[in-house]
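Sequential numbering of the sequence shown, starting at 62, is according to this note's numbering.
Worksheet for the structure shown next.
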Amino acid sequence: MQDHDREPRVHSRRRFVATTAALGLGALAGCTGGNEESTATTTAADESGGEEPVGQIGSGRSPFGDRDITGGVSVAEMPDLSGELTLYSGRGEALVGELISFFEDYYDDFDVVPRYNSAAEHVNQIQTEGQNSPADVFFSVNAGSLGALKDAGRTQDLPSEVLDLVRDEFQDPDGQWTGTSGRARTIPFNTDQFDESEIPDDIMEFPETEAFRDNIGWAPTYSSFQAFITAMRVLEGDEATKEWLQGMQDLGVTQFNDEFLVSQAVADGEIHAGFANHYYIQRILAGRPNAPLSTAFTAGDAGSIFNVAGALVLDTADDSELAANFVRHLLSAEAQDYFARTTFEYPLVSGVDPIGELPSIDELSPPEGLDLTQLSDLEGTVRLLREVGVL
62 MQDHDREPRV
72 HSRRRFVATT
82 AALGLGALAG
92 CTGGNEESTA
102 TTTAADESGG
112 EEPVGQIGSG
122 RSPFGDRDIT
132 GGVSVAEMPD
142 LSGELTLYSG
152 RGEALVGELI
162 SFFEDYYDDF
172 DVVPRYNSAA
182 EHVNQIQTEG
192 QNSPADVFFS
202 VNAGSLGALK
212 DAGRTQDLPS
222 EVLDLVRDEF
232 QDPDGQWTGT
242 SGRARTIPFN
252 TDQFDESEIP
262 DDIMEFPETE
272 AFRDNIGWAP
282 TYSSFQAFIT
292 AMRVLEGDEA
302 TKEWLQGMQD
312 LGVTQFNDEF
322 LVSQAVADGE
332 IHAGFANHYY
342 IQRILAGRPN
352 APLSTAFTAG
362 DAGSIFNVAG
372 ALVLDTADDS
382 ELAANFVRHL
392 LSAEAQDYFA
402 RTTFEYPLVS
412 GVDPIGELPS
422 IDELSPPEGL
432 DLTQLSDLEG
442 TVRLLREVGV
452 L
């Protein structure tokens, strides 16, 4: 697990939704890099009870403080949770533990047994455990791991009461999993070095942009980066993707352990731009509001994909109704607001807005004709990254 409080460790300066069961889950575990849910402290959850609307969960890390929640469905309007639920969480305790504790405190007779690990490791474990798995719900940092379990036949249908809370593009078309929060691919850039208008809006132009020479960074062992490259392979083809990767290496791209460190290096002026999910920029600005750091977006290409964290009910769930209702609670107005304020992700429920100077989901420009179920061949992406010497 990466420590975001440490200085960036540069490994080298180089000249750089549903995953199928055939993907090779060992490769997923070994090659997708650090856990994107690494560190960052959260405050203790508010203790609430009864059936009144509960409002904001905890204080979060957002510099914007409390805010009114005007959209979504409140926890108070959802079915009660009662019993014990075993949760395999691919999201780190530091980021979602407070939310889980809140649900336990809100319901007198509800207990969660959480098991935290990387999403890929959980997928492997569930497959190894088979029908003896104690897992009821799987909570993933990415759609690929959800799809791996779906394709392995380890999931149950989610009820319409859950699926109807989220737009179709953010859930499995067969109703086996749903997104719970979103993450956009972005370009963090140093505002002392660039104006936003100087950042190309076409990801394929980056290797030819001399302004980035020896001043741009990436984290190629990271699963979100690999999903981005997988999208490029789908949209542009393997040969064009290979040329892009080689071009970035020729440009002198700097390699980091994770995308928080990429964004931090941009804020510190060590590099001038990078590739990262949007929330890393927001996390830095929450603690350093005057940092010379901003967010640029490409349009209609692999650099603008919008991926999701999400959840599903496993076929081994002891109480399928309880498990589905827990997933439903992850889509409550309060939980969606929590994701916005504490993890700085995009809420997926209409009426709950993101935090920070971010465009709305509808203002983003993800590639047309690409959905999360097409990001299946991570193994091929890892193979290509190794072929060109990035890994």
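All C-beta atoms in this analysis are idealised placements derived from N, C-alpha and C, irrespective of residue type, glycine included.
Predicted, not measured: the structure shown is a model, and the values here were computed from it.
Straight-line Cα distance separating residue j from residue i
i, j, result
"Gly-278", "Glu-154", "28 angstroms"
"Gly-243", "Asp-299", "27 angstroms"
"Ala-90", "Gly-144", "Per-residue confidence for Ala-90 stands at a pLDDT of 33, beneath the threshold of 50, marking its modelled position as unreliable; the derived number appears in the next sentence. Spanning the two alpha carbons is a distance of roughly 32 angstroms."
"Gly-308", "Ala-209", "32 angstroms"
"Ala-292", "Leu-436", "6 angstroms"
"Phe-321", "Ala-357", "16 angstroms"
"Ala-401", "Val-413", "8 angstroms"
"Gln-397", "Asp-379", "26 angstroms"
"Thr-239", "Ser-150", "15 angstroms"
"Ala-245", "Ile-290", "14 angstroms"
"Pro-249", "Asp-423", "20 angstroms"
"Thr-131", "Phe-405", "18 angstroms"
"Val-157", "Ile-187", "21 angstroms"
"Gly-274", "His-333", "The sequence given here places Arg at residue 274; Gly does not occur at that position. For Arg-274 and His-333, the distance between alpha carbons rounds to 10 angstroms."
"Arg-294", "Val-198", "32 angstroms"
"Val-134", "Gln-237", "21 angstroms"
"Gly-450", "Val-410", "41 angstroms"
"Leu-445", "Asp-141", "48 angstroms"
Three-state class that DSSP yields for residue i in the structure shown
i, result
"Val-227", "coil"
"Pro-268", "helix"
"Gly-441", "helix"
"Trp-279", "strand"
"Gly-330", "coil"
"Gln-343", "helix"
"Gly-348", "helix"
"Gln-316", "strand"
"Asp-240", "At residue 240 the sequence reads Gly, which differs from the Asp that was named. Strand."
"Gly-308", "helix"
"Thr-291", "helix"
Option nearest residue i by Cα separation, candidates the options
i, options, result
"Asn-318", "Leu-306, Leu-312, Ala-326", "Ala-326"
"Pro-427", "Gly-364, Ser-393, Thr-434, Gly-191", "Gly-364"
"Ala-206", "Glu-297, Thr-147, Asn-178", "In the sequence as displayed, the identity of residue 206 is Ser instead of Ala. Closest by alpha carbon: Asn-178."
Bridge partner(s) assigned by DSSP for residue i
i, result
"Phe-250", "Ala-334, Ser-355"
"Gln-232", "Thr-239"
"Thr-462", "In the structure as shown, the chain begins at 62 and stops at 452. Residue 462 is therefore absent and cannot be evaluated."
Contact with chain D by residue i, beta-carbon distance below 7 angstroms
i, result
"Leu-146", "Although the question refers to chain D, the structure presented lacks it and comprises just one protein chain."
Going residue by residue through the stretch 361 to 427, where are the continuous alpha helix (DSSP H) segments of at least 4 residues, counting only ones entirely within it?
381 to 390, 394 to 399
Curious, which full-length beta strand (DSSP E) runs of at least 3 residues does the stretch 146 to 180 contain?
Entirely contained in the stretch 146 to 180, the beta strand (DSSP E) runs reaching 3 residues are, in chain order, 171 to 177.
Which runs of the alpha helix (DSSP H) fall wholly inside the stretch 178 to 208 and span at least 4 residues, in chain order?
180 to 190
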